[in-house]
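Participant: Chains as they are written, first to last, in the numbering used here: chain A, 3 to 288; chain B, 2 to 323. All C-beta atoms in this analysis are idealised placements derived from N, C-alpha and C, irrespective of residue type, glycine included.
(1) Report yes if the CB atom of residue 26(B) is closer than 7 angstroms to the CB atom of residue 49(B), and no otherwise.
(2) Along chain A, in chain order, which residues have C-beta atoms closer than 9 angstroms to that of residue 83(B)?
(3) How far does the beta strand (DSSP E) with residue 245(A) in it reach, from first residue to last?
(4) When DSSP builds the beta bridges, which residues end up paired with residue 70(B)?
(5) Taking Cβ positions, are residue 126(A) and residue 38(A) nearer each other than 7 angstroms?
(6) Taking any Cβ of chain C, which residues in the stretch 154-174 of chain B have a Cβ under 7 angstroms from it, in chain order?
(7) If you run the structure through DSSP and keep just helix, strand and coil, what is residue 119(B)?
(8) Can you look up residue 146(A) in the DSSP assignment and give me helix, strand or coil?
(9) Between the C-alpha atoms of residue 164(B) and residue 253(B), what's the straight-line distance to the nearest angstrom?
(10) At a CB-CB cut-off below 9 angstroms, which residues of chain A make contact with residue 52(B)?
(11) Looking at chain A, is there any beta carbon in it that lies within less than 7 angstroms of the beta carbon of residue 22(B)?
(12) Indicate whether residue 270(B) and residue 232(B) have their beta-carbon atoms separated by less than 7 angstroms.
(13) Under a CB-based cut-off of 7 angstroms, is residue 228(B) close to chain A?
(14) Residue 109(A) lies in the beta strand (DSSP E); which residues open and close that run?
(15) Look up residue 24(B) in the DSSP assignment and give the residues it is bridged to.
(16) Name the chain B residues whose beta carbon is nearer than 7 angstroms to that of residue 182(A)?
(17) Pairs of beta-carbons, one from the stretch 41-59 of chain A and one from the stretch 152-161 of chain A, closer than 8 angstroms: are there three or more?
(18) Decide if the stretch 205-222 of chain A is in contact with the stretch 182-192 of chain A; the criterion is three or more beta carbon pairs, one per stretch, under 8 angstroms apart.
(19) Name the residue from 268(B), 142(B), 141(B), 207(B) whose alpha carbon lies nearest to the alpha carbon of residue 172(B).
(20) I want to see whether chain B comes within less than 7 angstroms of residue 211(A), judged by CB atoms only; does it?
(21) Identify, in the order they occur along the chain, each residue of the same chain with its Cβ nearer than 6 angstroms to the Cβ of residue 219(B), setting aside the five sequence neighbours on each side.
(22) Determine the extent of the alpha helix (DSSP H) in which residue 237(A) is found, giving its start and end residues.
(23) Buried or exposed: which applies to residue 16(A), given that a residue is buried once 16 or more other Cβ atoms fall within 10 Å of its Cβ?
(24) Please report whether the beta-carbon of residue 109(B) lies at a distance below 7 angstroms from any beta-carbon of chain A.
(25) In the DSSP assignment, find the alpha helix (DSSP H) that holds residue 153(B) and state where it starts and stops.
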């Protein structure tokens, strides 16, 4: 039942992007998200798309694999797009194409919808590149390292990172356990597939309780094992894998600095917000 | 119920980069009334196979018939089948969930028999618990989490046999138990066999367990049945088993060493029979009468001279092999 869910979608390969420092990648993703949101015209978004395609090629992850990450939020994108299309209130000079009850479809709302959907898609695809090329462990290491300054205001950064990596580590284990318990209860005639919502939720009790019990048991065992190996928190702790900034990371950062500059330039020199569309409108004389 | 599998295949995660073929054409027949053993390495496909038997894994390739149920038929009554083919998973005590032992044992019963009365439930639970070697009055109202590990495993087994399945499948039933617990568990299974459940199938790593208890066994290797037959037939092919990375029972190892020293022993590899045959080899007393298990375990107060020598010889030989 849960066999198809692969958590963490790391795609093992050797590439420029895989070899980058996770900290650099996190920073780049932040820069990428910023660039998506400061782009206020289609040329800007196309520039971002080109950068994305360039990075996908560089990462050697097959396009299909990257596109698959949309599947999970496709519903969300369609849902917001439809809402936006139907309920967007355009300005005064907007051309209304259809109107019914509280619903209006206007030229502006169509343009806006396309723009929004494109932003969301770019957002998901870009972050997918991060998780596809970085193992969850490297990612938590990177986050821990980036959050280090918070230590000075007494945030337990190391402990939080440890909690995160333990959680990530145990997801497959608990998933396997869930499968086993589900199978065992099915063998005793439990039915998880039919019935209404409440009935199905109730049917999960024989799975959830043993799962919880075993999670606590594992937590206790892990705690004992850590104690036995004298774990005492962040103090004096060294790293097995040291993160190092390399020329790759510098190149990546420069690339994104150029991208953001490009988008800002496009924003200021192509003042019309939906420039391409405006052009089309001109051509067809709408 | 007779179990017939023909050319059974199964692939986990098909059409993905993680695709693994767990079963590559399994042909196996388990007759009604057998105490059947399934042996195999981790990843040999034995668990995948047994999960097919009560449709926990739906058939995707090949044929499988369990009694009158044709698993290839999409309309096969799965719930009914699961009531007749009971399955005890590895470490079954970790599936207990209800507030009381009674409720937990009754879980399967109520799932399979909708609308069963409280009295009937009560009687069935009482019987199942007593067959599993527990006292109803003592444990029924307790939380399963208050019990000891061994008791919990018995409760879990009671929760499966409460529906009186015709076939009972157990995946590594003795895993994690101490020697005494293992012995008691096997005795429990023998007491269920025939009376409660016509057919018993156990999956095991422990060759001694298979040799001692099973009428027939199958060896799984790389998704296929590599060997199938009585324990005697299987364990006399020690080299083939070793090639598959599998062990033989202690008795078979001892017999091998004896043969190497020029003393061939024709045994079915159960402890009793082995001792009997070795004694016969010595021509000593007791060759005709089997050694009572209790006496054997206690090292018999005053054994005849021949018997001690025989037993020591066998043990010494087995020790050398390691």
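Facilitator: The short version:
(1) Here residue 26(B) corresponds to residue number 25 of the second chain, with the count starting at 1. Here residue 49(B) corresponds to residue number 48 of the second chain, with the count starting at 1. Result no, Cβ atoms of residue 26(B) and residue 49(B) do not sit closer than 7 angstroms.
(2) The residue labelled residue 83(B) in the question sits at position 82 within the second chain. Ordered by position in chain A, the residues that pass the 9 angstroms Cβ test against residue 83(B) are 188, 189, 190, 191.
(3) Locating residue 245(A) in the first chain gives position 243, where the first residue counts as 1. From DSSP, residue 245(A) is part of no beta strand (DSSP E); its letter is neither H nor E.
(4) For the purposes of this step, residue 70(B) is taken as residue 69 along the second chain, with counting starting at 1. Answer is 67(B), bridged to residue 70(B).
(5) Here residue 126(A) refers to the residue found at position 124 of the first chain. Here residue 38(A) refers to the residue found at position 36 of the first chain. Not a contact, by the Cβ cut-off of 7 angstroms.
(6) Of the protein chains in the structure, A and B, none is chain C.
(7) As a first step, residue 119(B) must be located in the second chain, where it is residue number 118. The answer is helix: DSSP assigns residue 119(B) an H, G or I state.
(8) As a first step, residue 146(A) is located in the first chain; it is residue number 144 there, counting from the start. Residue state, collapsed to three classes: helix.
(9) Against the second chain, residue 164(B) aligns to sequence position 163. Against the second chain, residue 253(B) aligns to sequence position 252. When rounded, the distance between both Cα atoms is 38 angstroms.
(10) In the second chain, the residue the question calls residue 52(B) occupies position 51. The answer, in chain order, is 185, 189.
(11) Locating residue 22(B) in the second chain gives position 21, counting from the first residue. False, the Cβ-Cβ gap to chain A never drops below 7 angstroms.
(12) The count along the second chain starts at 1 and reaches residue 270(B) at position 269. The count along the second chain starts at 1 and reaches residue 232(B) at position 231. Contact flag set, yes.
(13) Against the second chain, residue 228(B) aligns to sequence position 227. It does not; no Cβ of chain A falls within 7 angstroms.
(14) Your numbering for residue 109(A) matches position 107 in the first chain. Residue 109(A) -> not in any beta strand (DSSP E); alpha helix (DSSP H) instead, spanning 109-135.
(15) Numbered from its first residue, the second chain carries residue 24(B) at position 23. The partner list for residue 24(B) (beta bridge, DSSP) reads 11(B).
(16) As a first step, residue 182(A) must be located in the first chain, where it is residue number 180. Ordered by position in chain B, the residues that pass the 7 angstroms Cβ test against residue 182(A) are 90.
(17) no
(18) yes
(19) Translated into the one-based positions of the second chain, residue 172(B) becomes position 171. With distances taken between Cα atoms, residue 172(B) lies closest to 207(B).
(20) Working through the first chain from its first residue, we reach residue 211(A) at position 209. Closer than 7 angstroms to some Cβ of chain B, the Cβ of residue 211(A) qualifies, so yes.
(21) Locating residue 219(B) in the second chain gives position 218, where the first residue counts as 1. Within the same chain, residue 219(B) has close Cβ partners 29, 39, 226, 229.
(22) Start at 1 with the first residue of the first chain, and residue 237(A) comes out as number 235. Counting along the chain, residue 237(A) falls outside any alpha helix (DSSP H), and DSSP gives it neither H nor E.
(23) The count along the first chain starts at 1 and reaches residue 16(A) at position 14. That one is exposed.
(24) Here the question's residue 109(B) lines up with position 108 in the second chain. Yes, contact with chain A.
(25) Residue mapping note: residue 153(B) aligns to position 152 of the second chain, counting from 1. 150-162 is the span of the alpha helix (DSSP H), which, as asked, contains residue 153(B).
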